[in-house]
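Down below is the structure, laid out as structure tokens.
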Amino acid sequence: MTMIFGVPMAVFMGQLTLGLVNGAFYALLSLGLAVIFGLLKIVNFAHGAQYMLGAFAALLGFRYLGINYWLALILVPLVVGGFGMLMERFLLRRIAHLDHLYGLLLTFGLALIFEGTLINFFGVSGARYATPEILQGGLNLGFMFLPTYRAWVLVAALAMCLFTWFMIERTRLGAYLRAGTENSQLMQAFGVNVPLLITLTYGFGVGLAAFAGVLAAPLYPVSPTMGSSLLIVVFAVVVIGGMGSILGAILTGLGMGIIEGLTKVYYPEASNTVIFLVMILVLMLRPAGLFGKEA
Amino acid sequence: MATSHTTEAVNLPSAVQERQRRARFRRNMFYLALIVIGLVAPFVAYPVFLMKILCFALFACAFNLLLGYAGLLSFGHAAFLATGGYVTGYLLASYPGLTPELGILAGTAMATLLGVLFGVLSIRRQGIYFAMVTLALAQLMFFVFVQSSFTGGEDGLHGVPRGSLFGVIDLSSNLAMYYFVFAVFVFGFAVIQRAVHSPFGQVLKAIRENEPRAISLGYNVDAYKLLAFVLSAALAGLAGSTKTVVFQLASLTDAHWHMSGEVILMTLLGGVGTLLGPLMGAGLVVSLQHLLAQSPLGNWVSVILGIIFVVCVLSFRSGIIGELSKMYRKNFK
Chain A
384 MTMIFGVPMA VFMGQLTLGL VNGAFYALLS LGLAVIFGLL KIVNFAHGAQ
434 YMLGAFAALL GFRYLGINYW LALILVPLVV GGFGMLMERF LLRRIAHLDH
484 LYGLLLTFGL ALIFEGTLIN FFGVSGARYA TPEILQGGLN LGFMFLPTYR
534 AWVLVAALAM CLFTWFMIER TRLGAYLRAG TENSQLMQAF GVNVPLLITL
584 TYGFGVGLAA FAGVLAAPLY PVSPTMGSSL LIVVFAVVVI GGMGSILGAI
634 LTGLGMGIIE GLTKVYYPEA SNTVIFLVMI LVLMLRPAGL FGKEA
Chain B
42 MATSHTTEAV NLPSAVQERQ RRARFRRNMF YLALIVIGLV APFVAYPVFL
92 MKILCFALFA CAFNLLLGYA GLLSFGHAAF LATGGYVTGY LLASYPGLTP
142 ELGILAGTAM ATLLGVLFGV LSIRRQGIYF AMVTLALAQL MFFVFVQSSF
192 TGGEDGLHGV PRGSLFGVID LSSNLAMYYF VFAVFVFGFA VIQRAVHSPF
242 GQVLKAIREN EPRAISLGYN VDAYKLLAFV LSAALAGLAG STKTVVFQLA
292 SLTDAHWHMS GEVILMTLLG GVGTLLGPLM GAGLVVSLQH LLAQSPLGNW
342 VSVILGIIFV VCVLSFRSGI IGELSKMYRK NFK
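Those protein sequence lines, which keep their order, are chains A and B. The first sequence lines up with residues 384 to 678 when you count with my numbering. The second sequence lines up with residues 42 to 374 when you count with my numbering.
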């Protein structure tokens with residue numbers, strides 16, 4: 384059997400795929416955080432909870448309304464994103480003029496509320512969400528076994544990242560968003576409805592989190608706490624990459640996933656902590672982050 | 042003409058001095074009243090409950106030093122509370138000859154050391170990045186505590202002996218323990234009070250209000266921030282160490298990010314940037330948790346804390362003490 388640095392090829396590739404899949408989630412979530420941060424200048428602490436809501440919406444939609452996976456993949460981000468827009472319109476907007484730390488605190492409180500409420504109804508032990516039939520099983524690539532669903536998650540997440548990149552960099556709406564990120568007051572003076580743009584942007588960011596949640600539902604146990612621990616890792620990823628660029632967020636997310644996967648192969652004890660250690664290294668060597676413009 | 046001018050010049054400062062002297066006197070009397078209340082309290086309320094409030098109040102005061110006076114929102118203060126607690130707990134449980142005050146000193150020293158490390162790293166970024174960095178570093182510590190053997194992993198440390206203070210005063214009675222905790226709190230509070238009203242505290246406030254300006258005035262902003270961070274970490278560690286001696290246990294709850302959130306809530310509810318706010322906030326949050334735990338709403342604690350968070354941020358940003366002093370200033374000055 385082929386060995387890579389003393390580890391069987393199949394094990395190595397398996398962990399690499401796992402890492403890439405995790406990285407895809409880091410990328411999707413940090414992308415959503417970056418989009419929201421760009422215009423609203425707040426860190427959306429409820430991002431993990433919104434990701435969890437996405438997974439729960441898929442689970443409950445299937446259980447009670449018979450909504451299948453594919454429909455959920457489209458519907459859930461719209462519903463949760465719409466819910467996010469309501470949050471922005473009625474809560475976040477009221478504190479938009481204040482220090483941005485208040486936005487962080489408000490979304491933190493909301494995250495506690497969502498998480499706590501769902502814990503009361505569903506407990507902390509995770510529920511299983513069935514993988515859709517066509518994505519069950521796997522492909523034997525000769526050097527490794529690739530589970531179909533994981534391959535699909537990678538493709539779907541990357542497609543979504545590219546779609547976001549396209550929306551922001553190549554469309555008129557995206558141009559507004561980029562201009563608003565630079566100077567939203569000037570935008571408003573030019574007659575652009577900035578408050579609406581902010582609501583849409585927040586909704587889009589939340590929708591991205593919910594999309595990630597639906598993708599994650601068949602992969603991880605669906606539980607109320609699935610988002611919070613993930614979010615802290617994503618924060619570290621954001622500190623490493625900086626929130627300045629979209630491609631930076633995607634690359635950092637995938638890269639950290641790979642590093643985490645490889646750590647699982649060579650030094651499993653550190654697999655939980657390696658991303659935080661990378662963050663410390665980046666803070667020491669390049670405090671603004673790998674793709675960041677300012678400290 | 043010339044004489045009246047001089048008398049004015051002499052009188053004016055003395056009038057100001059007189060007013061300052063009176064204000065200081067009023068403040069001292071107020072603190073004295075608080076100390077008397079603190080001394081009588083264990084005869085009125087359950088001492089263990091009061092000790093819990095005092096430990097968390099010290100924790101919140103330490104946190105407030107950083108947020109309220111230096112404008113730095115740390116989302117990782119649980120790490121210092123837990124480090125103090127675990128180190129003290131481990132030492133007291135493994136070396137029976139060790140007296141509790143030495144155990145607490147060692148725990149506080151470790152938390153201080155961690156504060157230096159965290160501080161050096163996190164003050165490299167500002168604002169929300171600072172919050173994210175501290176949160177991530179605290180999560181790193183959480184995993185370290187989960188995986189280390191000295192912390193007892195998921196089980197935590199139990200049955201930490203309270204021992205005898207200085208080898209003389211037996212702390213197994215709750216009343217003796219209470220007075221020790223009260224003394225620790227008064228010490229911590231005095232340190233913070235002193236720091237806030239010193240030139241050091243004034244520079245911190247200047248940095249909070251306008252950092253570029255403070256830099257342009259020639260202040261070494263990073264050194265001030267680091268010192269504030271380390272002081273805050275040390276006092277948070279002191280709170281954690283003391284808490285471990287009181288409850289004779291140290292667990293992962295103290296290291297969890299929920300704990301970092303709770304201390305923010307206590308400070309916010311009582312009043313960020315006020316000296317008494319954190320004490321008030323800690324008292325309220327601990328009492329609320331205590332009441333809810335016994336009521337049918339017991340499972341809804343974190344939801345209710347979340348709601349208080351949202352309400353505070355939306356409409357109550359100065360906190361209770363902050364709003365009260367606003368009212369006082371409006372009506373009596």
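Every residue, glycine too, gets a C-beta built ideally from N, C-alpha and C.
Could you name the residues of chain C that residue 635/A contacts, counting a contact when the two beta carbons are closer than 9 Å?
-> In summary, chain C is missing from the structure at hand, where the protein chains are A and B.
Closest Cβ-Cβ distance between residue 670/A and chain B: below 8 Å?
-> The sequence position of residue 670/A within the first sequence is 287, counting from 1. Cβ-Cβ to chain B under 8 Å: yes for residue 670/A.
Proximal residues of chain B, C-beta to C-beta of residue 483/A below 9 Å | Counting from 1 along the first sequence, the entry for residue 483/A is found at position 100. Under the 9 Å cutoff, chain B gives 168, 169.
State the CB to CB distance for the pair residue 164/B and residue 266/B, rounded to an integer number of angstroms; the pair is presumed to be in contact (CB under 8 Å).
-> By one-based count along the second sequence, residue 164/B stands at place 123. By one-based count along the second sequence, residue 266/B stands at place 225. Rounded, the Cβ-Cβ distance is 5 Å, consistent with contact.
Could you tell me whether the Cβ atoms of residue 249/B and residue 111/B are closer together than 8 Å?
-> Reading the second sequence from its first residue, position 208 is the one you call residue 249/B. Reading the second sequence from its first residue, position 70 is the one you call residue 111/B. For residue 249/B and residue 111/B, yes; Cβs fall inside 8 Å.
For residue 367/B, collect the residues of the same chain with a Cβ closer than 8 Å to its Cβ; drop the 5 residues on either side in sequence, then sort them by chain order.
-> Numbered from 1 along the second sequence, position 326 holds the residue referred to as residue 367/B. Once the five neighbours on either side are set aside, the close Cβ partners of residue 367/B are 359.
Paired residues, beta bridge with residue 386/A - DSSP = As a first step, residue 386/A must be located in the first sequence, where it is residue number 3. Beta-bridge pairing links residue 386/A to 391/A.
Per DSSP, what kind of secondary structure is residue 495/A in: helix, strand or coil?
-> Residue 495/A sits at position 112 when you count from the first residue of the first sequence. Residue 495/A falls in the helix class under three-state DSSP.
Sequence-distant residues of the same chain with beta carbon closer than 6 Å to residue 610/A, five excluded per side | Residue mapping note: residue 610/A aligns to position 227 of the first sequence, counting from 1. Answer for residue 610/A: 431, 432, 434, 435, listed in chain order.
Do residue 263/B and residue 126/B have their C-beta atoms closer together than 8 Å?
-> Locating residue 263/B in the second sequence gives position 222, where the first residue counts as 1. Locating residue 126/B in the second sequence gives position 85, where the first residue counts as 1. For residue 263/B and residue 126/B, no; Cβs fall outside 8 Å.
With 16 other Cβ atoms within 10 Å as the buried cut-off, status of residue 320/B = Mapped onto the second sequence, residue 320/B falls at position 279. In the assembly as shown, residue 320/B is a buried residue. Its beta-carbon has 16 or more other beta-carbons within 10 Å.
Looking at C-alpha atoms only, which residue of 217/B, 199/B, 241/B, 200/B is the closest neighbour of residue 207/B?
-> The residue you call residue 207/B lines up with position 166 of the second sequence. Of the listed residues, the one whose Cα sits closest to residue 207/B is 217/B.
Whose CA, out of 310/B, 61/B, 142/B, lies closest to the CA of residue 284/B?
-> Numbered from 1 along the second sequence, position 243 holds the residue referred to as residue 284/B. In terms of CA proximity to residue 284/B, 142/B leads the group 310/B, 61/B, 142/B.
Going along the chain, which residues of its own chain have a beta-carbon closer than 6 Å to the beta-carbon of residue 408/A, five neighbours each way excluded?
-> Position 25 of the first sequence holds residue 408/A. Around residue 408/A: 595.
Measuring CB to CB, does residue 621/A end up less than 8 Å from residue 173/B?
-> Position 238 of the first sequence, counting from 1, holds the residue named residue 621/A. Position 132 of the second sequence, counting from 1, holds the residue named residue 173/B. Against a cut-off of 8 Å, the Cβ pair of residue 173/B and residue 621/A comes out as a contact.
Could you tell me which chain A residues have their CB closer than 7 Å to the CB of residue 13/B, listed as they occur along the chain?
-> Because chain B here runs from 42 to 374, residue 13/B falls outside it and cannot be looked at.
With a 10 Å radius around its C-beta and 16 neighbouring C-beta atoms as the bar for buried, classify residue 57/B as buried or exposed.
-> Within the second sequence, numbered from 1, the residue matching residue 57/B stands at position 16. That one is exposed.
Whose C-beta lies closer than 7 Å to the C-beta of residue 668/A among residues of the same chain, with five residues either side of it excluded?
-> As a first step, residue 668/A must be located in the first sequence, where it is residue number 285. None.
Closer than 8 Å to chain A by CB, residue 94/B | What you label residue 94/B is simply residue 53 of the second sequence in a count that begins at 1. No, residue 94/B does not count as interfacial toward chain A.
If the cut is a Cβ gap below 7 Å, which residues of chain A does residue 256/B touch?
-> Walking along the second sequence from the start, residue 256/B turns up at place 215. By Cβ distance, chain A contributes nothing, its closest Cβ being about 13 Å from residue 256/B, past 7 Å.
Could you list which residues in chain B have their beta carbon closer than 7 Å to that of residue 500/A, in chain order?
-> On the first sequence, position 117 is the one that residue 500/A refers to. Here the neighbours are 344.
Does any CB atom of chain B fall closer than 8 Å to the CB of residue 555/A?
-> Counting from one through the first sequence, the residue named residue 555/A turns up at place 172. Taking Cβ atoms only, chain B never reaches closer than 8 Å to residue 555/A, which makes this a no.
Residue ranges of each beta strand (DSSP E) within the segment 454-533 of chain A, 3 or longer | 521-523, 528-530
Who are the neighbours of residue 561/A on chain B, taking C-beta pairs under 7 Å?
-> Taking the first residue of the first sequence as position 1, residue 561/A is located at position 178. Here the premise fails: no neighbours, minimum Cβ distance about 20 Å.
Does any residue of chain A bring its CB to less than 8 Å from the CB of residue 355/B?
-> Within the second sequence, numbered from 1, the residue matching residue 355/B stands at position 314. Chain A contact via Cβ: present.
From 169/B, 201/B, 298/B, pick the residue whose C-alpha is nearest to that of residue 136/B; which is it?
-> Within the second sequence, residue 136/B is the residue found at index 95, counting from 1. Ranking 169/B, 201/B, 298/B by Cα distance to residue 136/B puts 201/B first.
List, in order along the chain, the chain A residues whose C-beta lies closer than 9 Å to that of residue 340/B?
-> As a first step, residue 340/B must be located in the second sequence, where it is residue number 299. Under the 9 Å cutoff, chain A gives 499, 502, 503.
So, are the CB atoms of residue 440/A and residue 426/A less than 8 Å apart?
-> Locating residue 440/A in the first sequence gives position 57, where the first residue counts as 1. Locating residue 426/A in the first sequence gives position 43, where the first residue counts as 1. Against a cut-off of 8 Å, the Cβ pair of residue 426/A and residue 440/A comes out as no contact.
Proximal residues of chain A, C-beta to C-beta of residue 172/B below 8 Å | One-based indexing of the second sequence puts residue 172/B at position 131. Result: 426, 484, 487.
Report the neighbours of residue 157/B on chain A: residues whose CB is nearer than 8 Å to its CB, in chain order.
-> The residue labelled residue 157/B in the question sits at position 116 within the second sequence. Within chain A, no residue comes near residue 157/B; the closest Cβ sits about 14 Å away, beyond 8 Å.
Tell me whether residue 203/B is buried or exposed, calling it buried when 16 or more other Cβ atoms sit within 10 Å of its Cβ.
-> Counting from one through the second sequence, the residue named residue 203/B turns up at place 162. Buried is the call here.
Ordered along the chain, which non-local residues of its own chain (more than five positions away) have a Cβ less than 7 Å from that of residue 607/A?
-> Taking the first residue of the first sequence as 1, we reach residue 607/A at position 224. Around residue 607/A: 435, 498, 501, 502, 505, 507.
Residues from the segment 133-154 of chain B in contact with chain A, defined by Cβ distance under 8 Å | For the segment 133-154 of chain B, the set of residues with a beta-carbon nearer than 8 Å to any beta-carbon of chain A is empty.
Taking one C-beta from the segment 273-292 of chain B and one from the segment 91-108 of chain B each time, how about it: are there three or more such pairs within less than 8 Å?
-> Counting Cβ pairs under 8 Å, three or more are found: they touch.
Where the segment 607-628 of chain A meets chain B: residues whose CB sits under 7 Å from a CB there | 615, 618, 619, 621, 622
Measuring CA to CA, which of 457/A, 619/A, 438/A, 387/A is closest to residue 513/A?
-> The residue you call residue 513/A lines up with position 130 of the first sequence. The candidate whose alpha carbon is nearest that of residue 513/A is 438/A.
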